[in-house]
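Enquirer: Residue numbers for the sequence shown follow our numbering, beginning at 791 and rising by one. Got a structure for you, written out below as structure tokens; questions coming shortly.
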Amino acid sequence: MIKKRRLGKNGVSVGSLGYGAMVLEGYYGKSDDGHAVSTIHRALDAGMNMIDTADAYGSGHNESLVRRAIAGRRHQAFVATKFGIVFDESESGTDLPTGWGFSLKINGTPTYVNKALDASLRRLGLDVIDLWYAHYPDPATPIEETVGAMAEAVRAGKARYLGLCNVTAEQVRRAHKVSPISAVQFEYSLWRREAEADLLPTLRELGISLVAWSPLGSGFLTGTVTRLDPTDFRQNNPRFKGDNFSVNRDRFSPFMAVAREMGVTPAQLALAWLLYQGEDIIPIPGTRRADRVEENALSADIQLTPELLRNINELARPGIAEGATLI
Ligand SMILES: NC(=O)c1ccc[n+]([C@@H]2O[C@H](COP(=O)([O-])OP(=O)(O)OC[C@H]3O[C@@H](n4cnc5c(N)ncnc54)[C@H](OP(=O)(O)O)[C@@H]3O)[C@@H](O)[C@H]2O)c1
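This is the structure we're talking about:
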């Protein structure tokens, strides 16, 4: 059973690693619902109890999968979900360019916030969501308005803790004045280290945890992705595109070699490095495979010396990965 960490300075304890359920929707390769449920069970067994979903994953299907997986095990699970990416064509929203060749439609208006809350509760089969995030800030709605509406959910007993995703340090400060924010979810890994500049210091000042999404670089840092199927969602990611993919594989091969020398997998070393960045970091790796859940959980036992950390920091220094991305 992996150790626990606090969510926010004075918050609840959750597993130091969570489980990201997005991959169960087939974005990075086919997934099967039966296997998906047993994979989530394995995460709960390992103590990776923060199960991360979103209403938009599979247009609601992912939340329904989580409902199946936590049936009879509600007491073990800490359920985190998100709203704000519009996936119902009949709903309005504001375009948000992603740099991935498409835009997302975002809605953070109080009316939408309330509607999304009840829909998520229904799909998850819950009376209360443990951690409820705004998935992206709505460019057309002040963040104070969105968080003000989310705070109503806490007062109504429908959400326990609030979070934000993909925000700037300035947006977190503004939101945190309206209602306490417990966690910010942001892409953070050995090939995406932008959070270290402004966001992480601000979160530390405010006592907010950083939940690291795509902590394995959407699979890249595991060293097991050699080619992508034409339907794979990562085809949109500039880091996996054309020459960038082979350049990145060359640049990260010294990191893979360090893992091999240590007798651990690159996935385990990438997660261990993140855990060493601070007690306030909670990575949420995703996998469709129960054996990989166990492999990832073991990363919490890896000891890294200051010298090794320095070496990894240098091998995967900020800016080393090729391929700019806006989200
Ligand atoms: N807030 C946001 O905007 C946002 C955005 C993206 C993601 N997220 C959250 O973050 C979670 C994780 O992100 P992610 O799924 O994009 O990326 P990730 O966790 O960095 O990587 C997932 C990929 O790594 C592979 N993998 C996992 N463990 C492995 C291991 N031990 N060995 C080899 N391969 C392994 C998986 O393949 P297999 O399935 O084949 O094992 C999968 O394709 C998501 O599930 C979602 O909950 C949030």
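Just so you know, even glycine gets a beta-carbon here, dropped at the ideal spot from N, CA and C.
Y1066: beta carbon under 7 Å from a heavy atom of ligand 1?
Expert: Position 276 of the sequence shown, counted from the first residue, corresponds to residue 1066. For ligand 1, not one heavy atom lies less than 7 Å from the Cβ of Y1066.
Enquirer: Reducing DSSP to helix, strand and coil, say where P927 ends up.
Expert: For the purposes of this step, residue 927 is taken as residue 137 along the sequence shown, with counting starting at 1. Correct three-state label for P927: coil.
Enquirer: Can you list, in chain order, the residues of its chain whose CB lies under 6 Å from that of V968, leaving out five sequence neighbours each side?
Expert: As a first step, residue 968 must be located in the sequence shown, where it is residue number 178. Within the same chain, V968 has close Cβ partners E934, V937 and G938.
Enquirer: Restricting to runs no shorter than 4 residues, where is the alpha helix (DSSP H) found entirely within the segment 933-994?
Expert: 933-945 and 959-968
Enquirer: For a quick check, are the C-beta atoms of A1002 and P1073 less than 8 Å apart?
Expert: By 1-based counting over the sequence shown, the position of residue 1002 is 212. By 1-based counting over the sequence shown, the position of residue 1073 is 283. Yes, the Cβ-Cβ distance between A1002 and P1073 is below 8 Å.
Enquirer: Under 7 Å Cβ to Cβ from R1024, same chain only, skipping five residues before and after it: list those, please.
Expert: The residue given as residue 1024 occupies position 234 in the sequence shown. Correct list, in chain order: Y818, S1008, L1018 and F1030.
Enquirer: Following the continuous alpha helix (DSSP H) through F877, name the residue where it begins and the one where it ends.
Expert: Here residue 877 refers to the residue found at position 87 of the sequence shown. Neither: F877 is in no alpha helix (DSSP H) and is coded neither H nor E.
Enquirer: Is it buried or exposed for K895, if we count other Cβ within 10 angstroms and need 16 for buried?
Expert: Here residue 895 corresponds to residue number 105 of the sequence shown, with the count starting at 1. K895 is buried by the Cβ-count criterion.
Enquirer: Beta-carbon within less than 7 Å of A1090's beta-carbon, same chain only, minus the 5 sequence neighbours each way: which residues are those?
Expert: Within the sequence shown, residue 1090 is the residue found at index 300, counting from 1. I792, K793, S806, L807 and L1065.
Enquirer: Please determine, among S1036, A867 and Q1067, the residue with the shortest C-alpha to C-alpha distance to A1111.
Expert: Here residue 1111 refers to the residue found at position 321 when the sequence shown is read from its first residue. Checked all of S1036, A867 and Q1067; the closest Cα to A1111 is S1036.
Enquirer: In whole angstroms, give me the CA-to-CA distance for Y926 and M812.
Expert: Residue 926 sits at position 136 when you count from the first residue of the sequence shown. Residue 812 sits at position 22 when you count from the first residue of the sequence shown. Approximately 16 Å between the Cα atoms of the pair.
Enquirer: What is the rounded straight-line gap between the Cα of G883 and the Cα of N897?
Expert: As a working mapping, residue 883 is identified with position 93 in the sequence shown. As a working mapping, residue 897 is identified with position 107 in the sequence shown. Each residue's alpha carbon lies about 5 Å from the other.
Enquirer: So, helix, strand or coil for I896, using DSSP?
Expert: Here the question's residue 896 lines up with position 106 in the sequence shown. Here I896 sits in strand by DSSP.
Enquirer: The alpha helix (DSSP H) spanning L1064 covers which residue range?
Expert: The residue given as residue 1064 occupies position 274 in the sequence shown. Counting along the chain, the alpha helix (DSSP H) containing L1064 begins and ends at P1056 to L1065.
Enquirer: Whole angstroms are fine: how far does the CA of P1020 sit from the CA of L814?
Expert: Reading the sequence shown from its first residue, position 24 is the one you call residue 814. Reading the sequence shown from its first residue, position 230 is the one you call residue 1020. So the two alpha carbons sit approximately 18 Å from each other.
Enquirer: Would you say L921 and A965 are within 8 Å of each other, going by their C-beta atoms?
Expert: Reading the sequence shown from its first residue, position 131 is the one you call residue 921. Reading the sequence shown from its first residue, position 175 is the one you call residue 965. No. Outside cutoff.
Enquirer: Using three-state DSSP, classify V1048 as helix, strand or coil.
Expert: Walking along the sequence shown from the start, residue 1048 turns up at place 258. Residue state, collapsed to three classes: helix.
Enquirer: In chain order, what residues of the same chain lie with their CB nearer than 6 Å to the CB of P1108, ignoring the 5 residues before and after it?
Expert: In the sequence shown, residue 1108 corresponds to position 318, counting from 1. Only R983 meet the Cβ criterion.
Enquirer: Please report how far the alpha carbon of N852 lies from the alpha carbon of D1033, in whole angstroms.
Expert: Residue numbering aside, residue 852 sits at position 62 when the sequence shown is read from its first letter. Residue numbering aside, residue 1033 sits at position 243 when the sequence shown is read from its first letter. So the alpha carbons of these two residues sit roughly 33 Å apart.
Enquirer: Starting from G887, follow the beta strand (DSSP E) in both directions and report where the run begins and ends.
Expert: Numbered from 1 along the sequence shown, position 97 holds the residue referred to as residue 887. Checking the displayed sequence, the identity of residue 887 turns out to be Pro instead of Gly. Start and end: T884 to P887.
Enquirer: By a C-beta neighbour count over all protein chains shown, 10 Å radius and 16 as the cutoff for buried, is D822 buried or exposed?
Expert: Here residue 822 corresponds to residue number 32 of the sequence shown, with the count starting at 1. It is exposed - the Cβ of D822 has fewer than 16 other Cβ atoms within 10 Å.
Enquirer: Between which two residues does the alpha helix (DSSP H) holding A1125 run?
Expert: No information on residue 1125 is available, as it lies outside the stretch 791 to 1117 that the chain covers here.
Enquirer: For the candidate residues M1052, I860 and K872, whose alpha-carbon lies nearest to that of S849?
Expert: In the sequence shown, the residue the question calls residue 849 occupies position 59. Of M1052, I860 and K872, the residue nearest in Cα terms is K872.
Enquirer: Which residue marks the beginning of the alpha helix (DSSP H) containing L1099, and which one marks its end?
Expert: Within the sequence shown, numbered from 1, the residue matching residue 1099 stands at position 309. L1099: member of the alpha helix (DSSP H) spanning P1096 to L1105, first to last residue.
Enquirer: In the structure shown, what three-state DSSP assignment does A1002 receive?
Expert: Taking the first residue of the sequence shown as position 1, residue 1002 is located at position 212. Assignment of A1002 by DSSP, reduced to helix, strand and coil, places it in the strand class.
Enquirer: Is it true that the CB of N1026 sits closer than 8 Å to the CB of G891?
Expert: Counting from 1 along the sequence shown, the entry for residue 891 is found at position 101. Counting from 1 along the sequence shown, the entry for residue 1026 is found at position 236. In this structure, N1026 lies closer than 8 Å to G891 by Cβ.
Enquirer: Give every residue of the same chain whose Cβ lies closer than 6 Å to the Cβ of Y847, excluding the five residues on either side of it in the sequence, and list them in chain order.
Expert: Along the sequence shown, one-based indexing puts residue 847 at 57. Excluding sequence neighbours, Y847 sits near M812 and E815.
Enquirer: Might you give, ordered along the chain, the residues of its own chain that have their beta carbon closer than 7 Å to the beta carbon of M1046, omitting 5 neighbours on each side?
Expert: As a working mapping, residue 1046 is identified with position 256 in the sequence shown. Taken in chain order, the residues that qualify are G1013 and P1056.
Enquirer: Got a sec, what are the start and stop residues for the beta strand (DSSP E) A1090 sits in?
Expert: Along the sequence shown, one-based indexing puts residue 1090 at 300. Premise fails: A1090 is in no beta strand (DSSP E) and is neither H nor E.
Enquirer: To which residues of the same chain is E1085 closer than 7 Å at the C-beta, ignoring the five residues directly before and after it?
Expert: Reading the sequence shown from its first residue, position 295 is the one you call residue 1085. Within the same chain, E1085 has close Cβ partners T1055, A1057 and Q1058.
Enquirer: CB-CB under 8 Å to N1101, same chain, minus the five flanking residues each way: which ones, in chain order?
Expert: Start at 1 with the first residue of the sequence shown, and residue 1101 comes out as number 311. Cβ within range, chain order: V1048.
Enquirer: Going by other Cβ atoms of all chains shown within 10 Å of its Cβ, with 16 needed for buried, is P970 buried or exposed?
Expert: Walking along the sequence shown from the start, residue 970 turns up at place 180. The residue is buried, with at least 16 neighbouring Cβ atoms inside 10 Å.
Enquirer: Between the beta-carbon of I841 and the beta-carbon of V856, is there less than 8 Å?
Expert: If you number the sequence shown from 1, residue 841 lands on position 51. If you number the sequence shown from 1, residue 856 lands on position 66. Contact check for I841 against V856 passes: the beta carbons are separated by less than 8 Å.
Enquirer: Excluding sequence positions up to five away, which residues of its chain have a Cβ less than 7 Å from the Cβ of G915?
Expert: Counting from 1 along the sequence shown, the entry for residue 915 is found at position 125. Closer than 7 Å at Cβ, skipping near neighbours: R857.
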